[in-house]
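Residue numbers (my numbering), protein chains in the order written: chain A, 1 to 173; chain B, 1 to 173.
Shown next, in structure tokens, is the structure this report addresses.
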DNA sequence: GTCTATACATAGATAGAC
DNA sequence: GTCTATCTATGTATAGAC
């Protein structure tokens with residue numbers, strides 16, 4: 001079963017979020033799975049390859065969003081950021097939060113992830129990065145993260161609409 | 001010189017922010033200072049005591065802010081959150097971001113730090129935690145952090161006013 | 001694909017001299 | 001107050017059997 005690989009990623013994501021990337025050992029992961037460390041190394045050549053596998057898809061999705069950001073309307077863009085953040089919640093937290101993650105990411109992926117926030121902020125500001133655009137981006141992104149963290153689940157349609165409206169107001173008031 | 005203690009804290013804060021708490025070793029800190037590990041352990045009994053010393057003052061300041069939040073006007077509260085975040089920037093990032101920090105904090109400090117965000121959010125929402133209050137709190141707090149991170153310095157008076165206005169708009173629009 | 005066993009480096013922390 | 005030297009546990013990672 002190459003389903004073991006999936007389970008490793010699942011547990012790793014969970015533990016990375018809980019203890020941080022650097023604070024989680026290979027032994028922590030394998031212990032929770034009930035497999036040996038060597039078994040894990042059959043599926044991944046190194047610890048940072050687990051991280052790489054975890055962030056690959058979300059990074060692509062965010063990059064895609066960045067690429068098409070200029071063509072979207074503001075409410076649509078805000079909704080997309082909210083939905084992407086919701087669907088990629090666990091990895092989003094990892095990427096944005098844990099300092100040891102940035103360091104461990106391969107040279108190819110690191111600058112991309114660092115530039116994402118700035119690019120999306122600029123898109124909200126109509127090409128310019130203003131304090132207001134920063135506030136709006138923080139409102140939609142971190143507001144959504146805070147909501148999920150506190151409630152344990154994705155925002156309801158009503159909460160989603162409120163978050164978007166609030167971010168919109170921050171931008172244009 | 002008990003000034004060594006101060007220098008240890010200075011370097012530790014820098015490295016914790018860069019590599020995360022768990023990702024920073026005692027040897028990393030002492031190497032940058034040019035002292036031995038044993039010398040560090042003369043000043044601190046354990047690694048987590050360094051962390052404790054770093055977060056003590058900011059935590060007190062945030063708690064004070066939480067305590068008096070209900071009596072303040074909304075713009076005043078937003079300004080206070082911004083200023084506190086600015087002055088405590090490095091530690092604020094550490095507290096909010098690094099998952100390994102939460103874990104390492106002593107049982108006394110941990111729940112306090114976790115409750116801070118929720119309490120301030122509630123204060124903004126007039127006692128209630130709403131999606132709008134979350135968005136406003138994220139706008140002022142994370143917007144300020146993003147600004148400092150990107151520009152490398154505290155917001156100018158104009159930027160400060162814009163961030164506050166944006167958060168205010170998110171709250172009441 | 002998973003195991004036991006192990007190599008080798010580094011982690012946090014301490015002993016005891018100066 | 002700082003050092004050298006060292007303890008013990010744990011870290012990532014690999015070898016080789018099954």
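We treat Cβ as the ideally placed atom computed from N, Cα and C, and that holds for glycine.
Everything numeric in this text was worked out from a predicted model, so none of it was measured.
Do three or more CB pairs link the stretch 46 to 56 of chain B to the stretch 88 to 103 of chain B at distances below 8 Å?
Cβ pair count under 8 Å is three or more, so yes.
Pick out the complete alpha helix (DSSP H) segments inside the stretch 55 to 127 of chain B, 4 residues or longer, and give them in chain order.
Listed in chain order, the complete alpha helix (DSSP H) runs (minimum 4 residues) inside the stretch 55 to 127 of chain B are 74 to 87, 89 to 97, 99 to 104 and 109 to 124.
Alpha carbon to alpha carbon, how far is residue 145 of chain B from residue 133 of chain A?
Along the second chain, read from residue 1 onward, the residue named residue 145 of chain B stands at position 145. Along the first chain, read from residue 1 onward, the residue named residue 133 of chain A stands at position 133. The straight-line gap from Cα to Cα measures roughly 13 Å.
Cβ of residue 162 of chain B less than 9 Å from any chain A Cβ?
Mapped onto the second chain, residue 162 of chain B falls at position 162. So, interface residue.
Please tell me whether residue 62 of chain A has its Cβ less than 9 Å away from any Cβ of chain B.
Working through the first chain from its first residue, we reach residue 62 of chain A at position 62. Not an interface residue.
Assuming residue 86 of chain B and residue 154 of chain B form a contact by the criterion Cβ under 8 Å, report the distance between their Cβ atoms to the nearest whole angstrom.
Position 86 of the second chain, counted from the first residue, corresponds to residue 86 of chain B. Position 154 of the second chain, counted from the first residue, corresponds to residue 154 of chain B. Contact holds; Cβ gap of about 5 Å.
For the alpha helix (DSSP H) holding residue 172 of chain B, just list the boundary residues, first then last.
Translated into the one-based positions of the second chain, residue 172 of chain B becomes position 172. Here the alpha helix (DSSP H) through residue 172 of chain B covers 157 to 172.
Could you give the distance in angstroms between the alpha-carbon of residue 138 of chain A and the alpha-carbon of residue 38 of chain B?
Here residue 138 of chain A refers to the residue found at position 138 when the first chain is read from its first residue. Here residue 38 of chain B refers to the residue found at position 38 when the second chain is read from its first residue. Spanning the two alpha carbons is a distance of roughly 43 Å.
With distance defined between alpha-carbon atoms, name the residue in B:125, B:150, B:119 and B:66 nearest to residue 171 of chain B.
Residue 171 of chain B sits at position 171 when you count from the first residue of the second chain. The candidate whose alpha carbon is nearest that of residue 171 of chain B is B:125.
Looking at the C-beta of residue 153 of chain A, does it have a partner C-beta in chain B at a distance below 9 Å?
Counted from its first residue, the first chain places residue 153 of chain A at position 153. No, residue 153 of chain A does not count as interfacial toward chain B.
Apply the 10 Å Cβ neighbour rule to residue 168 of chain A and answer buried if 16 or more other Cβ atoms are within range, or exposed otherwise.
Residue mapping note: residue 168 of chain A aligns to position 168 of the first chain, counting from 1. Buried, since its Cβ has 16 or more Cβ neighbours within 10 Å.
Below 8 Å on the Cβ atoms is my guess for residue 100 of chain A versus residue 23 of chain B; work out the distance and round it to an integer in Å.
Taking the first residue of the first chain as 1, we reach residue 100 of chain A at position 100. Taking the first residue of the second chain as 1, we reach residue 23 of chain B at position 23. The Cβ separation is near 4 Å, so the contact holds.
Within 10 Å of its beta-carbon, does residue 98 of chain B have 16 or more other beta-carbons around it, so buried, or fewer, so exposed?
Position 98 of the second chain holds residue 98 of chain B. Buried.
In the DSSP assignment, find the unbroken alpha helix (DSSP H) run with residue 144 of chain A in it and report its ends.
Taking the first chain and counting its residues from 1, one reaches residue 144 of chain A at position 144. Looking at the DSSP string, the run of the alpha helix (DSSP H) that includes residue 144 of chain A is 131 to 151.
Given this structure, state the Cα-to-Cα distance separating residue 69 of chain A from residue 76 of chain A, to the nearest angstrom.
By one-based count along the first chain, residue 69 of chain A stands at place 69. By one-based count along the first chain, residue 76 of chain A stands at place 76. Rounded to whole angstroms, residue 69 of chain A to residue 76 of chain A spans 9 Å at the Cα level.
Cutting at 6 Å between CB atoms, please list the residues of its own chain near residue 5 of chain B, excluding the five before and the five after it.
Along the second chain, read from residue 1 onward, the residue named residue 5 of chain B stands at position 5. Answer for residue 5 of chain B: 43, listed in chain order.
In chain order, what residues of the stretch 84 to 102 of chain A put their CB closer than 7 Å to some CB of chain B?
97, 98, 99 and 100
Please confirm whether residue 164 of chain A and residue 65 of chain A have their CB atoms less than 9 Å apart.
In the first chain, residue 164 of chain A corresponds to position 164, counting from 1. In the first chain, residue 65 of chain A corresponds to position 65, counting from 1. Going by C-beta atoms, residue 164 of chain A is not nearer than 9 Å to residue 65 of chain A.
First and last residue of the alpha helix (DSSP H) that includes residue 4 of chain A?
Taking the first chain and counting its residues from 1, one reaches residue 4 of chain A at position 4. Note, residue 4 of chain A: alpha helix (DSSP H), 3 to 19.
Quick check: is the beta carbon of residue 124 of chain B nearer than 9 Å to any beta carbon in chain A?
Reading the second chain from its first residue, position 124 is the one you call residue 124 of chain B. No, its Cβ sits nowhere closer than 9 Å to a Cβ of chain A.
Quick check on DSSP: helix, strand or coil for residue 35 of chain A?
Within the first chain, the letter at position 35 stands for residue 35 of chain A. Note: residue 35 of chain A maps to coil in three-state DSSP.
Please check if any C-beta of chain B sits within less than 9 Å of the C-beta of residue 140 of chain A.
The sequence position of residue 140 of chain A within the first chain is 140, counting from 1. Output row for residue 140 of chain A: interface = yes.
Would residue 18 of chain B pass as an interface residue toward chain A - the criterion being a Cβ-Cβ separation below 9 Å?
Mapped onto the second chain, residue 18 of chain B falls at position 18. Yes, because at least one Cβ of chain A sits closer than 9 Å to the Cβ of residue 18 of chain B.
One question on the structure: do residue 31 of chain A and residue 118 of chain B come within less than 9 Å of each other, judged by their Cβ atoms?
Residue numbering aside, residue 31 of chain A sits at position 31 when the first chain is read from its first letter. Residue numbering aside, residue 118 of chain B sits at position 118 when the second chain is read from its first letter. Cβ atoms of residue 31 of chain A and residue 118 of chain B: not closer than 9 Å.
Is there a Cβ of chain A sitting closer than 9 Å to that of residue 73 of chain B, yes or no?
Start at 1 with the first residue of the second chain, and residue 73 of chain B comes out as number 73. So no, residue 73 of chain B is outside the interface.
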